[in-house]
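Engineer: Sequential numbering of the sequence shown, starting at 79, is according to my numbering.
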Amino acid sequence: MQKFDEYKRWLVSEIGFEGMLNLPRLGKIDLRMSAWIMRKVKVKSRTIVIDKERVLLFAPEDFHKIFGVPCGNRVVRGRDGEINNTTIEFMKQTIGMNASPAHNLKAAENFITRDISEESSKIEKDCFQISFVIFVMGYVLSPSTKHEYMTIDFWGALANLN
Numbered sequence: 079m080q081k082f083d084e085y086k087r088w089l090v091s092e093i094g095f096e097g098m099l100n101l102p103r104l105g106k107i108d109l110r111m112s113a114w115i116m117r118k119v120k121v122k123s124r125t126i127v128i129d130k131e132r133v134l135l136f137a138p139e140d141f142h143k144i145f146g147v148p149c150g151n152r153v154v155r156g157r158d159g160e161i162n163n164t165t166i167e168f169m170k171q172t173i174g175m176n177a178s179p180a181h182n183l184k185a186a187e188n189f190i191t192r193d194i195s196e197e198s199s200k201i202e203k204d205c206f207q208i209s210f211v212i213f214v215m216g217y218v219l220s221p222s223t224k225h226e227y228m229t230i231d232f233w234g235a236l237a238n239l240n
């Protein structure tokens with residue numbers, strides 16, 4: 079992300095994820111630590127429960143302030159996040175993720191490193207933005223303990239951009 083040219087940075091800002099471009103580059107992130115933190119998140123109460131005495135309250139706006147990602151009233155999991163298998167397969171095929179049986183992040187990473195410019199097709203630009211969100215979710219915001227593997231629970235929000 080640090081090597082993105084101005085046009086790629088503009089595409090990222092168009093989807094509201096420009097805050098991710100300001101994060102420092104981290105060599106290796108301990109995925110077990112990230113997974114541990116994510117297991118401590120209690121979505122309904124909007125808390126991170128470390129133990130009985132240490133409970134951190136947070137709001138969607140806090141997440142927006144820290145990571146610079148969109149904050150709105152859509153529920154990514156649930157009605158707004160529903161997605162059918164045909165759409166999943168189309169998205170995977172379009173960004174080159176269909177070659178792997180697992181939800182492999184390498185395809186998204188490869189797509190965001192492609193040359194994208196103002197002359198690129200609309201589908202290439204859209205796929206760059208979708209791949210960027212998949213990359214950020216899989217490596218930063220919702221990592222798995224398996225390196226380069228991700229959940230697709232949020233893909234419905236990618237397919238339904240309204």
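From the three backbone atoms N, C-alpha and C, an ideal C-beta is built for every residue, glycine too.
#1: Mark Ile128 as exposed unless 16 or more other C-beta atoms lie within 10 angstroms of its C-beta, in which case mark it buried.
#2: Does any residue of chain C have a CB that is nearer than 8 Å to the CB of Ala137?
#3: Around the Cβ of Met111, are there at least 16 other Cβ atoms within 10 angstroms (buried) or fewer (exposed)?
#4: Taking the beta carbon of Lys86 as the centre, do at least 16 other beta carbons fall within 10 Å, making it buried, or is it exposed?
#5: Starting from Ile144, trace the alpha helix (DSSP H) in both directions and tell me its first and last residue.
#6: What does the alpha-carbon distance come out to for the pair Gly156 and Phe136?
#7: Exposed or buried, Ser195, counting other C-beta atoms within 10 Å across all chains shown (16 or more means buried)?
#8: With DSSP as the reference, label Val121 as helix, strand or coil.
#9: Spatial neighbours of Lys203 within its chain, please: CB distance less than 8 Å, with the 5 preceding and 5 following residues excluded, ordered by chain position.
Structural biologist: On the basis of the coordinates in this document:
#1: Its Cβ having fewer than 16 others within 10 Å, Ile128 is exposed.
#2: Going by chain labels, chain C is absent from the structure shown, which holds only one protein chain.
#3: Exposed, by the Cβ-count rule.
#4: By the neighbour-count criterion, in which 16 or more other beta carbons inside 10 Å mark a residue as buried, Lys86 falls on the buried side.
#5: Segment Pro138 to Phe145, the alpha helix (DSSP H) holding Ile144.
#6: Confidence in Gly156 is poor, its pLDDT being 48 and thus under 50, which makes the residue's placement unreliable; the coordinate value appears in the next sentence. Using only the alpha carbons, I get a separation of about 21 Å.
#7: Result: exposed.
#8: Here Val121 sits in coil by DSSP.
#9: The beta carbon of Lys203 lies closer than 8 Å to those of Leu89 and Ile194 in the same chain, with the five residues before and after it left out.
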